[in-house]
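Inspection log for the structure reproduced underneath, given as structure tokens.
In my numbering, the protein residues as written are 1025 to 1230.
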């Protein structure tokens, strides 16, 4: 569901551009890269740009057996490029040359109070904050802001697939010098193990 929400955010922003709700088109519209500073410095990025990102969960609550509600944050990071000066990067120029302020406000207005057609609590704007980046030449012509939204997603355990209580730990060992343990290889099966441990969670050996 998390990835579905990210993709739905991007789809709504693209639709706003395609339908003329905003007077510009995002030239980069993607999910958040793993290392943002490295990404900015090494990739050819077209602006204005926007990235959707899952910001994590800050609270969970149990609604019923097998049903949990996760209160979480999603965000969009918007970036404007302008070679003239810092003010132009923030304030923009013509309608088709938006600054970072306009990108942030537009994203907030487009996404606020939306469920994106999904079974989630409507997105509630929570902050607009500048994004700090590494001091690299390609970033000096950028102005970047993050817009955050609170929401909640319900997660249910699939029917018939609940695990029983975890009350017994069983581990096989293949110790040196007899074994050939490799961190990338699975532990041996019972028949091939040099040693085995079975431990009850209550502390009594099986």
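Backbone N, C-alpha and C define an ideal beta-carbon position, used for all residues, glycine too.
(message) I'd like the span of the beta strand (DSSP E) that includes residue 1053, first residue to last.
(response) 1052–1055
(request) Identify whether residue 1036 lies in helix, strand or coil by the three-state DSSP scheme. (result) helix
(request) Keeping to the same chain, check which residues put their C-beta closer than 8 angstroms to that of residue 1098; ignore five residues upstream and five downstream. (result) 1029, 1030, 1033, 1076, 1077, 1078, 1079, 1147, 1172, 1173 and 1175
(message) Less than 8 angstroms between the C-beta atoms of residue 1037 and residue 1134, yes or no?
(response) yes
(request) Determine, using beta carbons only, whether residue 1063 and residue 1105 come nearer to each other than 8 angstroms. (result) Not a contact, by the Cβ cut-off of 8 angstroms.
(message) Only counting the same chain, and skipping five residues up and downstream in sequence, which positions put a Cβ closer than 8 angstroms to that of residue 1181?
(response) 1090 and 1091
(request) Could you check which residue in 1086, 1088 and 1049 has the C-alpha nearest to that of residue 1126? (result) Here the closest residue by C-alpha is 1049.
(request) Would you list the residues sitting across from residue 1115 in a DSSP beta bridge? (result) Paired residues: none, contrary to the question.
(message) Suppose contacts are defined by Cβ-Cβ distances below 8 angstroms. Is residue 1103 in contact with residue 1094 by that definition?
(response) no
(message) I need the straight-line Cα distance from residue 1035 to residue 1167, nearest angstrom please.
(response) 23 angstroms
(message) Run through the DSSP bridge pairs and tell me what residue 1095 is partnered with.
(response) 1083 and 1176
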